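Asks:
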Amino acid sequence: MNRTQLAHVLRSASRIANDRDVLVVGSQAILGSRDEDELPAEATASMEADIAFLDDVDRAKADEVEGGIGEFSAFHEQFGYYAEGVHVDTVTLPSGWAERLLRPELPDSEPAQAAFLEPHDLVASKLVAGRMKDLAFAGALVRAGLIDLDVLVERILALPDETQQSVIDRLIGWVESQRTP
Numbered sequence: 000m001n002r003t004q005l006a007h008v009l010r011s012a013s014r015i016a017n018d019r020d021v022l023v024v025g026s027q028a029i030l031g032s033r034d035e036d037e038l039p040a041e042a043t044a045s046m047e048a049d050i051a052f053l054d055d056v057d058r059a060k061a062d063e064v065e066g067g068i069g070e071f072s073a074f075h076e077q078f079g080y081y082a083e084g085v086h087v088d089t090v091t092l093p094s095g096w097a098e099r100l101l102r103p104e105l106p107d108s109e110p111a112q113a114a115f116l117e118p119h120d121l122v123a124s125k126l127v128a129g130r131m132k133d134l135a136f137a138g139a140l141v142r143a144g145l146i147d148l149d150v151l152v153e154r155i156l157a158l159p160d161e162t163q164q165s166v167i168d169r170l171i172g173w174v175e176s177q178r179t180p
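So, in structure tokens, the structure goes:
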């Protein structure tokens, strides 16, 4: 996905949910900090943007987005990319993530006023998810020099208290494996 496609998803999601405050929480949140031409191919390979709303207690807005422009929708069929409506609580994030949200100017996304996870928060959440595609995404950003491993360790250590120590240990082990001797 590129920024133009993401802006289209953001515009559409904002209109569907009647909420300007759109939050990008999945891998495409990296487009809030970098243009696609500055990113490795693995970082923009997904044709799905995970969209949440800060004010969506009952998940109704996420459901509306999912139904309107989600996978297998007419939107997806027409454009080849789509939104997955998610609730922010489905993503495990380090404490303080909301204060670090990025809010770049994206005029093409109006009426959405999009917020994006900060890259280290994003990578920490991807490592918690731990799927192969998440690890490939995180590894690509690290190899491209876009993630400071020491900051990433700080974010991992700031994951919610209910995160099991074995998960923390696994994530720290992954980070250490990324350090070049």
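Position one of the sequence shown corresponds to residue 0 (numbering that gives the first Met the number 0), numbered consecutively onward. Even glycine gets a Cβ: it sits at the ideal position worked out from N, Cα and C. Since the structure is predicted, the reported quantities are computational estimates derived from the model, not experimental observations.
#1: Going by other Cβ atoms of all chains shown within 10 Å of its Cβ, with 16 needed for buried, is Gly25 buried or exposed?
#2: Do Ala59 and Ala51 come within 9 Å of each other at the CB atom, strictly closer than that value?
#3: For Glu117, count the other beta carbons within 10 Å of its own beta carbon; 16 or more makes it buried, fewer makes it exposed. Which is it?
#4: For Phe74, which beta-bridge partners are listed by DSSP?
#5: Return the residue from the list Leu22, Asp34, Asp20 that minimises the CA-CA distance to Glu2.
#6: Cα-Cα, which of Gln112, Arg142, Asn17, Tyr80 is closest to Ile55?
#7: Taking the C-alpha atoms as reference points, what is the distance between Ile187 and Ala113?
#8: Let me know if Arg142 comes out buried or exposed under the rule of 16 or more other beta-carbons within 10 Å of its beta-carbon.
#9: Quick check: the Cα distance between Tyr81 and Val64, rounded to an integer number of angstroms?
#10: Kindly indicate which three-state DSSP category Leu116 falls into: helix, strand or coil?
#11: Just how far apart, CA to CA, sit Asp88 and Pro159?
#12: Helix, strand or coil for Glu83, going by three-state DSSP, please let me know.
#13: Where Gly67 and Glu83 are concerned, what is the direct C-alpha to C-alpha distance, given to the nearest angstrom?
#14: When you compare each of Pro110, Trp173, Val166, Ala123 to Ala12 by their alpha carbons, which one comes out closest?
#15: Are the beta-carbon atoms of Leu53 and Gln27 separated by less than 9 Å?
#16: If Val152 and Val122 are in contact, beta carbons under 8 Å, what's the gap, nearest whole angstrom?
Replies: Walking through what the data contain:
#1: buried
#2: no
#3: buried
#4: According to DSSP, which records beta bridges pairwise, Phe74 is partnered with nothing at all.
#5: Note that residue 2 is Arg in the sequence shown here, rather than Glu. Residue Asp34 is the option with its Cα nearest to Arg2.
#6: The displayed chain sequence assigns Asp, not Ile, to residue 55. Among Gln112, Arg142, Asn17, Tyr80, the Cα nearest to that of Asp55 belongs to Asn17.
#7: In the structure displayed, the chain extends from 0 to 180; residue 187 sits before or after that span and is not available.
#8: exposed
#9: 10 Å
#10: coil
#11: 12 Å
#12: strand
#13: 10 Å
#14: Pro110
#15: no
#16: Contact doesn't hold; Cβ gap of about 11 Å is too wide.
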